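Student: When the letters of the first sequence are read in order and numbered with the UniProt record's numbering, they come out as residues 1 to 155. In this text, a Cβ means the ideal position worked out from N, Cα and C, and glycines have one as well. Source: prediction; values computed, not measured. Handing you a structure now.
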Amino acid sequence: MGRAPCCQKVGLKRGRWTAEEDHILAKYIARHGEGLWRSLPKNAGLLRCGKSCRLRWLNYLTDKVRRGKFSREEDDLIVKLHATLGNRWSLIANHMPGRTDNEIKNYWNAHLSRQIHSFRHTYTAGNETTITIDINRLSAASKRRGGRAPRSSTK
DNA sequence: AATAGGGTCAACCGCTAATCT
DNA sequence: CAGATTAGCGGTTGACCCTAT
């Protein structure tokens, strides 16, 4: 059988977000806060699935993201973190305030992985930089792929 | 000047894991 | 306790740009 769209995508909008949709989403979250993604689009009046709203907010609309060009220092940090953590983009993002996992993943795939050899050369030849890994965070999230975040330890 | 080709990046999908009932 | 529900992750896609021809 033809594969059905994952949720009930029937009648729901997909693809790139318009400025108007962004405005509706940002305004709704400003009033009601984050979370409750499943019911959010209905309440806010968006023809999107909750997943789409969550992704748009987390990766683009929240002012926690700064979305500038990656600096040389950030390049360096990403390469080093990736060497240690592998494709754990969410963990890597935890060490880079203002950057999202999606953004870092994209950047890695588009730019850094292509240039990894020259980067490696630079790093071994150049001055050493030390990075600090938060082991507690690391073990807590050790090898997960996906899955809901544990409820913040309160209760 | 027009367009084919390649690179970027926003967003989707399938799946996993925590929580709810 | 088990099945249903929902949040979150990482791989992947494809629409949109930029450049070379």
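How far does the alpha helix (DSSP H) with ALA83 in it reach, from first residue to last?
Tutor: The count along the first sequence starts at 1 and reaches residue 83 at position 83. Taken as a continuous stretch (DSSP letters only), the alpha helix (DSSP H) holding ALA83 covers 72 to 85.
Student: Count the CB pairs spanning the stretch 20 to 37 and the stretch 49 to 66 that are closer than 8 Å, and state whether there are at least three.
Tutor: Yes, the stretch 20 to 37 is in contact with the stretch 49 to 66.
Student: Are ALA26 and LEU81 close, meaning C-beta to C-beta below 8 Å?
Tutor: In the first sequence, residue 26 corresponds to position 26, counting from 1. In the first sequence, residue 81 corresponds to position 81, counting from 1. Against a cut-off of 8 Å, the Cβ pair of LEU81 and ALA26 comes out as no contact.
Student: Could you say if the stretch 33 to 50 and the stretch 73 to 91 meet the contact criterion of at least three C-beta pairs nearer than 8 Å?
Tutor: Contact fails: fewer than three Cβ-Cβ distances are below 8 Å.
Student: Is ALA149 helix, strand or coil when you go by DSSP?
Tutor: Position 149 of the first sequence, counted from the start, is the residue given in the question as residue 149. ALA149 falls in the coil class under three-state DSSP.
Student: Could you give the DSSP three-state label for residue 163: helix, strand or coil?
Tutor: Outside the displayed range of the chain (1 to 155) lies residue 163, so it cannot be described from this structure.
Student: Helix, strand or coil for PRO97 per DSSP?
Tutor: Taking the first sequence and counting its residues from 1, one reaches residue 97 at position 97. Of the three classes helix, strand and coil, the one that applies to PRO97 here is coil, per DSSP.
Student: Please report the distance separating the alpha-carbon of TRP89 from that of LYS64.
Tutor: Numbered from its first residue, the first sequence carries residue 89 at position 89. Numbered from its first residue, the first sequence carries residue 64 at position 64. Approximately 17 Å, taken between the alpha carbons.
Student: Let me confirm a value: GLU34 is counted as buried when at least 16 other C-beta atoms fall within 10 Å, else exposed. Which label applies?
Tutor: In the first sequence, counting from the first residue as 1, residue 34 sits at position 34. Counting Cβ neighbours within 10 Å, GLU34 comes out exposed, since fewer than 16 surround it.
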